[in-house]
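Colleague: Take the sequence shown: its letter number 31 is residue 31 in full-length UniProt numbering, and every next letter is one higher. C-beta atoms are modelled at their ideal positions from N, C-alpha and C, and glycine is treated no differently. Values in this document were obtained by computation on a predicted structure and should not be read as measured data.
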Amino acid sequence: MEQEDTTIDADLANQALCALNQILDEPTQSAEAVDVTIEGHAKIVRLPRGLGEILRQILASAAAGRAVAVMPDHAELTTQQAADMLNVSRPHLIKLVEEGAIEYRKVGTHRRIQAASVREYLRRMELDTKKAADELTELTEELGLY
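(1) Quick check: what's the CA-CA separation for Ile102 versus Asn87?
(2) Assign Ile113 to buried or exposed, taking buried as 16 or more other Cβ atoms, counted over all protein chains shown, within 10 Å of its Cβ.
(3) Evaluate Tyr146 with the Cβ neighbour count: other Cβ atoms within 10 Å of its Cβ, from every protein chain shown; 16 or more gives buried, anything less gives exposed.
(4) Are Leu77 and Leu17 touching if we call contact CB-CB under 8 Å?
(5) Tell me the residue span of the alpha helix (DSSP H) that contains Ala19.
(6) To the nearest whole angstrom, what separates the beta carbons of Ile94 and Thr79, a pair I think is in contact under 8 Å?
(7) Taking Arg56 as part of the beta strand (DSSP E), name the residues at either end of that continuous run.
(8) Is Ala115 closer than 8 Å to Met71 when the C-beta atoms are compared?
(9) Cα separation between Tyr104 and Asp73?
(10) Evaluate Arg119 with the Cβ neighbour count: other Cβ atoms within 10 Å of its Cβ, from every protein chain shown; 16 or more gives buried, anything less gives exposed.
(11) Please name the residue or residues paired with Thr37 in a DSSP beta bridge.
(12) Do Ala64 and Arg49 count as a contact pair if the criterion is CB distance below 8 Å?
(13) Using the three-state DSSP reduction, which class does Arg123 fall into: helix, strand or coil?
(14) Cβ atoms of Ala62 and Ala19: under 8 Å apart, would you say?
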């Protein structure tokens, strides 16, 4: 079976990103949806704004030459896949799982982690980081160091 080449042309992705940025940043676009016209077709495609924002992130990564993977929230990951997604070692991920920081289920002797659980953990860590940075900024202002 021949594998399909899924390499994305960075220049083409950059052109698409510029066009999508113009559409998404247009003040006349609604808050709920964006209208996109595909070259060579007369129809306008109406996308939910959230999907337009996701497409913007995908195109930005592709334009920068980074690999892009789209994964549904219900996808089950092995501990190694989840560790790779978090950019941590597998033993560290196991520790997080056993501490209850990331939800999982057991399949026989193996742990399976939903992609949504990994994303939720990332979201919590980002919020904690932002909160800590805000507190540090406030403290430096109080001390007159900022």
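Modeller: So, to answer that:
(1) Stepping through the sequence shown from its first residue, residue 102 is reached at position 102. Stepping through the sequence shown from its first residue, residue 87 is reached at position 87. Cα to Cα, Ile102 sits roughly 15 Å from Asn87.
(2) Residue 113 sits at position 113 when you count from the first residue of the sequence shown. Looking at its Cβ environment, which holds 16 or more other Cβ atoms inside 10 Å, Ile113 is buried.
(3) In the sequence shown, the residue the question calls residue 146 occupies position 146. It is exposed - the Cβ of Tyr146 has fewer than 16 other Cβ atoms within 10 Å.
(4) Position 77 of the sequence shown, counted from the start, is the residue given in the question as residue 77. Position 17 of the sequence shown, counted from the start, is the residue given in the question as residue 17. Contact: no.
(5) On the sequence shown, position 19 is the one that residue 19 refers to. Where Ala19 is concerned, the enclosing alpha helix (DSSP H) stretches over 10–25.
(6) The count along the sequence shown starts at 1 and reaches residue 94 at position 94. The count along the sequence shown starts at 1 and reaches residue 79 at position 79. 6 Å between Cβ atoms; contact.
(7) By 1-based counting over the sequence shown, the position of residue 56 is 56. No beta strand (DSSP E) holds Arg56; the alpha helix (DSSP H) holding it covers 49–63.
(8) Sequence index remark: in the sequence shown, residue 71 carries index 71 (1-based). Sequence index remark: in the sequence shown, residue 115 carries index 115 (1-based). Yes.
(9) In the sequence shown, residue 104 corresponds to position 104, counting from 1. In the sequence shown, residue 73 corresponds to position 73, counting from 1. When rounded, the distance between both Cα atoms is 13 Å.
(10) Against the sequence shown, residue 119 aligns to sequence position 119. With a threshold of 16 other beta carbon atoms within 10 Å, Arg119 falls short and is exposed.
(11) Within the sequence shown, residue 37 is the residue found at index 37, counting from 1. Its beta-bridge partners are Ile44.
(12) For the purposes of this step, residue 49 is taken as residue 49 along the sequence shown, with counting starting at 1. For the purposes of this step, residue 64 is taken as residue 64 along the sequence shown, with counting starting at 1. Contact: no.
(13) Reading the sequence shown from its first residue, position 123 is the one you call residue 123. In the structure shown, Arg123 sits in a helix (DSSP, three-state: H, G or I).
(14) If you number the sequence shown from 1, residue 19 lands on position 19. If you number the sequence shown from 1, residue 62 lands on position 62. At least 8 Å separates the beta-carbon of Ala19 from that of Ala62.
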